[in-house]
Amino acid sequence: MIGSGMATHAVNGVAKIHSDIVKTQVFKDFSELEPHKFQNKTNGITPRRWLLLCNPGLAELIAEKIGEDYVKDLSQLRKLHNFLGDDVFLREISNVKQENKLKFSQFLEKEYKVKINPSSMFDVQVKRIHEYKRQLLNCLHVITMYNRIKKDPKKLFVPRTVIIGGKAAPGYHMAKLIIKLITSVADVVNNDPIVGNKLKVIFLENYRVSLAEKVIPATDLSEQISTAGTEASGTGNMKFMLNGALTIGTMDGANVEMAEEAGEENLFIFGMRVDDVAALDKKGYNAKEYYETLPELKLAIDQIDNGFYSPKQPDLFKDLINMLFYHDRFKVFADYEAYVKCQEKVSQLYMNPKAWNIMVLKNIAASGKFSSDRTIKEYARDIWNMEPSDLKISLSNEASNELYKANGK
Numbered sequence: 001m002i003g004s005g006m007a008t009h010a011v012n013g014v015a016k017i018h019s020d021i022v023k024t025q026v027f028k029d030f031s032e033l034e035p036h037k038f039q040n041k042t043n044g045i046t047p048r049r050w051l052l053l054c055n056p057g058l059a060e061l062i063a064e065k066i067g068e069d070y071v072k073d074l075s076q077l078r079k080l081h082n083f084l085g086d087d088v089f090l091r092e093i094s095n096v097k098q099e100n101k102l103k104f105s106q107f108l109e110k111e112y113k114v115k116i117n118p119s120s121m122f123d124v125q126v127k128r129i130h131e132y133k134r135q136l137l138n139c140l141h142v143i144t145m146y147n148r149i150k151k152d153p154k155k156l157f158v159p160r161t162v163i164i165g166g167k168a169a170p171g172y173h174m175a176k177l178i179i180k181l182i183t184s185v186a187d188v189v190n191n192d193p194i195v196g197n198k199l200k201v202i203f204l205e206n207y208r209v210s211l212a213e214k215v216i217p218a219t220d221l222s223e224q225i226s227t228a229g230t231e232a233s234g235t236g237n238m239k240f241m242l243n244g245a246l247t248i249g250t251m252d253g254a255n256v257e258m259a260e261e262a263g264e265e266n267l268f269i270f271g272m273r274v275d276d277v278a279a280l281d282k283k284g285y286n287a288k289e290y291y292e293t294l295p296e297l298k299l300a301i302d303q304i305d306n307g308f309y310s311p312k313q314p315d316l317f318k319d320l321i322n323m324l325f326y327h328d329r330f331k332v333f334a335d336y337e338a339y340v341k342c343q344e345k346v347s348q349l350y351m352n353p354k355a356w357n358i359m360v361l362k363n364i365a366a367s368g369k370f371s372s373d374r375t376i377k378e379y380a381r382d383i384w385n386m387e388p389s390d391l392k393i394s395l396s397n398e399a400s401n402e403l404y405k406a407n408g409k
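Its first residue numbered 1, the sequence shown is counted upward by one per residue in full-length UniProt numbering.
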């Protein structure tokens, strides 16, 4: 690490907040010595795969309004702001989302044998399983929703389908326990007749690009809830934004710039900021304080600890509980209350389809910055010292024949 800081031509982070941490913490001395070497290059995604290919209905709808050039210049999505008052267009965007949800519901029913309510909010967290990404926080919210339904089944509840997916590293015991907890909670929730179709929980097995291409266009709510200061950037957050999902998240990684582009009021931002996390580290994080003062959190943790979700193996999650109380570097309990309250705001807005759809369109219109085209141009200009040039690539005879066949000629 030290050698690389001294010998490199340039050092860059992959989101503004990440680059700031690189300069002020990771390579503080080197950045003071050679500040010109340190840059930011915010990550991006390719709109060809993550919109045109996986969500053709939305891509065509956008093209009808602003033309097809946005495919090569994603910043043109800003033009969609002109249609925020167009009720017909807003309904069309909503219809595309509903069609995607219906298709994905059928896929889930076939693959996972769980009947999904396609009108429910699709609340999705798909990424590798890791403590810092805090799938545990999401799981605690699921348990809290379940307990609320059980306590008062007649109370109005906005139906949700919570979808969590991702892989754990082979030797990562805690990540595997987190997956086991999610599937154990799902077994209880999905088979409780009192809950019915108000709440369903799905763990997507073998999460991969082909599965991402199905779930992302169908998502209503994107979960980007890492502890502030731990996520370098993230790109899943950008894919969801481009496909018309709203984001619930912390001020971490590229979420910060997404909030800058769309306006913080158009994301569901909650929890500690980087400075708050540092202050809590200095003071000393005591998980028991939160456990003892938040009754719903206490109930959820007690249920996990007492084997409610693992009756045949009541001690199954002892290591996980021990970690949450004594070794949790990512402070799940500290953000629990703010997260649950923010989720209540999400449910409120979901009950107002027009307001929800306006916020969706604002997010799509603000996602132009997050194209990999922009990222690569910045690398070329500022680090590689290269100028882009347009090249026409002639197809080989073999490729031409394949294209000919594909077009049915």
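Backbone N, C-alpha and C define an ideal beta-carbon position, used for all residues, glycine too.
- Its Cα nearest to that of residue 72, the residue 368 stands out among 368, 196, 318.
- For residue 387, the secondary structure class from DSSP, reduced to helix, strand or coil, is coil.
- Take residue 235, set aside five residues on each side of it, and the residues of its chain with a beta-carbon closer than 6 Å to its own are 43, 45, in chain order.
- In this structure, the beta-carbon distance from residue 271 to residue 250 falls below 8 Å.
- Contact annotation: residue 254 and residue 237 have beta-carbon atoms nearer than 8 Å.
- Within the same chain, and ignoring the five residues on either side of residue 213 in sequence, the residues whose Cβ sits closer than 6 Å to its Cβ are 54.
- Take residue 316, set aside five residues on each side of it, and the residues of its chain with a beta-carbon closer than 6 Å to its own are 310, in chain order.
- The shortest CA-to-CA distance from residue 203 to any of 197, 179, 217 is the one to 179.
- Taking all protein chains shown into account, residue 381 has fewer than 16 neighbouring C-beta atoms within 10 Å of its C-beta and is therefore exposed.
- Nearest to residue 17 by alpha-carbon distance, out of 258, 215, 139, 37, is 258.
- Pairing residue 305 with residue 115, the inter-Cα distance amounts to about 29 Å.
- Beta-bridge partners of residue 123 (DSSP): 162, 221.
- Each residue's CA atom was taken as its position, placing residue 282 and residue 330 some 14 Å apart.
- Note on geometry: alpha-carbon atoms of residue 24 and residue 321 lie some 34 Å from one another.
- The beta-carbon distance between residue 325 and residue 288, rounded to whole angstroms, is 6 Å. This is short enough to meet the 8 Å contact definition.
- Just measuring C-alpha positions, the residue of 195, 185, 175, 160 sitting nearest residue 154 is 195.
- Note on geometry: alpha-carbon atoms of residue 138 and residue 208 lie some 21 Å from one another.
- Nearest to residue 349 by alpha-carbon distance, out of 31, 124, 158, is 158.
- Sequence-distant Cβ neighbours of residue 167 in its own chain, meaning closer than 7 Å and more than five residues away, are 128, 129, 207.
- In this structure, the CA atom of residue 40 is about 25 Å from the CA atom of residue 51.
- For the region 191-260, the continuous alpha helix (DSSP H) assignments of 4+ residues that do not extend past its boundaries occur at 209-215, 236-242, in sequence order.
- Cβ contact annotation for residue 120 (same chain, cutoff 6 Å, sequence separation greater than five): 159, 160, 161, in chain order.
- Looking only at 131, 134, 108, the smallest Cα-Cα distance to residue 122 is reached by 108.
- Per the coordinates, the alpha-carbon of residue 132 lies some 9 Å from the alpha-carbon of residue 228.
- Separation of residue 9 and residue 30 (C-alpha to C-alpha, rounded to the nearest whole angstrom) is 13 Å.
- Within the DSSP secondary-structure output, residue 38 pairs in a beta bridge with 11.
- Separation of residue 222 and residue 125 (C-alpha to C-alpha, rounded to the nearest whole angstrom) is 6 Å.
- In summary, residue 363 is buried, with 16 or more beta-carbon neighbours lying within 10 Å of its beta-carbon over all protein chains present.
- Within the DSSP bridge table, the entry for residue 268 names 248 as partners.
- Beta-bridge annotation (DSSP): residue 45 is paired with 371.
- Excluding sequence positions up to five before and after residue 274, its CB lies within less than 6 Å of the CB of 228, 229, all in the same chain and listed in chain order.
- When rounded, the separation of the alpha-carbon atoms in residue 117 and residue 141 is 19 Å.
- Within the model, the alpha-carbon separation for residue 386 versus residue 81 is close to 34 Å.
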